[in-house]
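**Q** According to the numbering used here, the sequence shown is numbered sequentially starting from 601.
One structure, pasted below without further comment.
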Amino acid sequence: MLFHKITTVTDLHHALIRFPCLSFEEKPIADFVEAFMRSRGASVFRHLDNVWCELGAGENVLLLNSHLDVVPPSKTHPYPPFEPTVVNGKVYGRGAVDAKASGAAMLWAFLSLLEEGYVPPKGKVVVALTAGEENSKTYDGLEDLTTNGYLPQISAALVGEPTNLQPCIAQKGLLILNLHARGRTAHAARGHLGVNAITIAAKDILTLSGFRFDREDPYLGFSTLHVTMIEGGKAHNIIPDHVWMKVDIRSTPAYDHDEMALMVQEMVASEVEIHSKRIIPVGTKPEAAIVQACLKAMPTATLFGSPTASDWIFLKDIPTVKIGPGFSELSHTPDEHVELVEVLRGVNVYRDIIKTYFELT
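Right, here's the structure in full:
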């Protein structure tokens, strides 16, 4: 690998885009990041396909984290998905914005601080690019690093996801429910002898469609509920005795997930089963040092809340801000892109936040 040809964050960003690193296929890009950062003199660590660098010493640890993996490309990308294509000052490619813009900017900010001889006063900066964010069935990404003690104890964190470089201090959770409408099978010619599970499901869907959660979060607004999948029936001439539905709830800290599941059960005739409740809503108080560092580094910034999940959930009670170059609305789309100047700006934003955080703490 000709690392000497990577002389700007744009070069690094483009190099990262060229890796078709779907979830569970991150080894080549992890190898690249590890070797590149070692070639630049960084102190580099590796566990599975997670790579991180550390600068400084001390108990006040600021983590910058983003992810290496991407979702599969679409068949309708306007350009080759894993070949960075620059058009009118924008670079297109799968992962260009989610989240290789953040990853490249974080790495470059780290290297620029290292090369200028910066040492965090009584603290440590850790930049970790981790695996399995888009699909975390094996839980061997950031959750593994934090739960099993591979990373030092973290005091505060920045999570690199596209936020147009605005500080996100709250993030919705995700509660997934399975609903089972139970009926009784019969021949369709004698439908009165059966109980149609589709009819039960239809009534429940109408009930849920009209429901609104009434507790509002100051940054996330209201929790939302949608029936997103349905399956039932075996043949046109059989009254179905079972219909399965999937319910997607985007939650705020105003509700506990178990409480929400119980609320749904009280509204419907179907049986309610919790499929997943591990992605909890998270938030950081505006007065936290990491939030104040963001606001001091970017005086015109606006705090906001995000409806989309990220690996922030694995940082639990650690004061965290989600922030990165580009627009979240472009994530996972065929048109995924980010402005080149936004990635450059991201380097300076991360540098300024790092320095300001350690000044404040």
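The beta-carbon is built from N, C-alpha and C at its ideal position, and this holds for glycine as well.
What's the gap between the Cα of T607 and the Cα of K722?
**A** Approximately 30 Å between the Cα atoms of the pair.
**Q** Opposite W652 in the DSSP bridges: which residues?
**A** For W652, which the question treats as bridged, DSSP gives the partners F645, A728.
**Q** Where do the N-terminal and C-terminal ends of the alpha helix (DSSP H) with T708 fall, by residue?
**A** In the sequence as presented, Thr is not what sits at residue 708; that position holds Trp. Run containing W708: 700–715, per the alpha helix (DSSP H) assignment.
**Q** Alpha carbon to alpha carbon, how far is I830 from V651? Give it in angstroms, no decimals.
**A** Approximately 40 Å between the Cα atoms of the pair.
**Q** Checking 9 Å against the spacing of the C-beta atoms, do L662 and A757 come in under that value?
**A** Yes.
**Q** Go ahead and label V687 buried or exposed: buried means 16 or more other beta carbons lie within 10 angstroms of its beta carbon, across all protein chains shown.
**A** Exposed, since its Cβ has fewer than 16 Cβ neighbours within 10 Å.
**Q** Could you pull out every unbroken alpha helix (DSSP H) segment of at least 4 residues lying fully inside the segment 730–770, listed in chain order?
**A** List check, alpha helix (DSSP H) in window: 742–747.
**Q** Do the CB positions of S931 and N764 come within less than 9 Å of each other?
**A** In this structure, N764 does not lie closer than 9 Å to S931 by Cβ.
**Q** Does DSSP put T685 in a helix, in a strand, or in coil?
**A** Of the three classes helix, strand and coil, the one that applies to T685 here is strand, per DSSP.
**Q** Under a three-way DSSP split, which group does I776 fall into?
**A** The answer is strand: DSSP assigns I776 an E or B state.
**Q** On the criterion of 16 or more Cβ atoms from any shown chain inside 10 Å, does S577 qualify as buried, or is it exposed?
**A** This structure does not reach residue 577, given that the chain is present from 601 up to 961, and the question cannot be answered.
**Q** Work out the CA separation of M863 and P818 for me, nearest whole Å.
**A** Approximately 22 Å, taken between the alpha carbons.
**Q** Which runs of the alpha helix (DSSP H), 4 residues or longer, sit entirely within the segment 863–907?
**A** Whole alpha helix (DSSP H) segments, 4+ residues: 889–897.
**Q** Report the rounded CA-to-CA distance for S666 versus A888, giving the unit in angstroms.
**A** For S666 and A888, the distance between alpha carbons rounds to 21 Å.
**Q** Note down, in chain order, each residue of its chain lying with its Cβ closer than 6 Å to the Cβ of G833, except the 5 sequence neighbours on either side.
**A** Correct list, in chain order: P840.
**Q** With DSSP as the reference, identify every bridge partner of I838, one or two as the case may be.
**A** Per DSSP, H787.
**Q** Does the segment 613–627 come within contact of the segment 709–727, defined as at least 3 CB pairs closer than 8 Å?
**A** No, because fewer than three Cβ pairs between the segment 613–627 and the segment 709–727 fall closer than 8 Å, the two stretches do not touch.
**Q** If we call anything under 9 Å between Cβ atoms a contact, is A705 one with K803?
**A** Not in contact: A705 and K803 (Cβ atoms no closer than 9 Å).
**Q** Could you check whether the Cβ of P934 sits closer than 8 Å to any heavy atom belonging to the ligand HEM?
**A** The model depicted lacks the ligand HEM and carries no ligand whatsoever.
**Q** Cβ atoms of L616 and V633: under 9 Å apart, would you say?
**A** For V633 and L616, yes; Cβs fall inside 9 Å.
**Q** Does DSSP put L602 in a helix, a strand or coil?
**A** Three-state DSSP puts L602 in coil, outside helix and strand.
**Q** Beta carbon of M845, beta carbon of L779: below 9 Å?
**A** Yes, Cβ-Cβ distance for M845 and L779 is below 9 Å.
**Q** On a Cα-Cα basis, can you pick out the residue from A854, A709, L751 that is closest to V943?
**A** Considering only alpha carbons, the answer is A709.
**Q** Give me the residue from V949, H875, G693 with the minimum Cα distance to K896.
**A** Comparing Cα positions, the closest option is V949.
**Q** For E831, report the span of its beta strand (DSSP E) as first-last.
**A** Segment 824–832, the beta strand (DSSP E) holding E831.
**Q** Assign F811 to buried or exposed, taking buried as 16 or more other Cβ atoms, counted over all protein chains shown, within 10 Å of its Cβ.
**A** Classification for F811: exposed.
**Q** Here's the rule I'm using: 16 or more other beta-carbon atoms within 10 Å means buried, otherwise exposed. How should V691 be labelled?
**A** Result: buried.
**Q** Is the segment 844–859 close to the segment 875–887, with three or more CB pairs under 8 Å?
**A** The segment 844–859 is in contact with the segment 875–887.
**Q** Does DSSP put A801 in a helix, in a strand, or in coil?
**A** If DSSP states are grouped into helix, strand and coil, A801 belongs with the helices.
**Q** Buried or exposed, going by whether 16 or more other CB atoms sit within 10 Å of the CB of S823?
**A** Its Cβ being crowded by 16 or more others within 10 Å, S823 is buried.
**Q** Does the Cβ-Cβ distance between P726 and L915 come in under 9 Å?
**A** Residue identity differs from the one stated: residue 726 is Val in this sequence, not Pro. Taking 9 Å as the Cβ cut-off, V726 and L915 do not qualify as a contacting pair.
**Q** Smallest Cα separation from Q766: which of V671, E866, P925?
**A** Checked all of V671, E866, P925; the closest Cα to Q766 is P925.
**Q** Apart from the five residues on each side of it in sequence, which residues of its chain come closer than 8 Å, Cβ to Cβ, to I557?
**A** Outside the shown range of the chain (601 to 961) lies residue 557, about which nothing can therefore be said.
**Q** List the DSSP bridge partners of W844.
**A** According to DSSP, W844 bridges with H780, E831.
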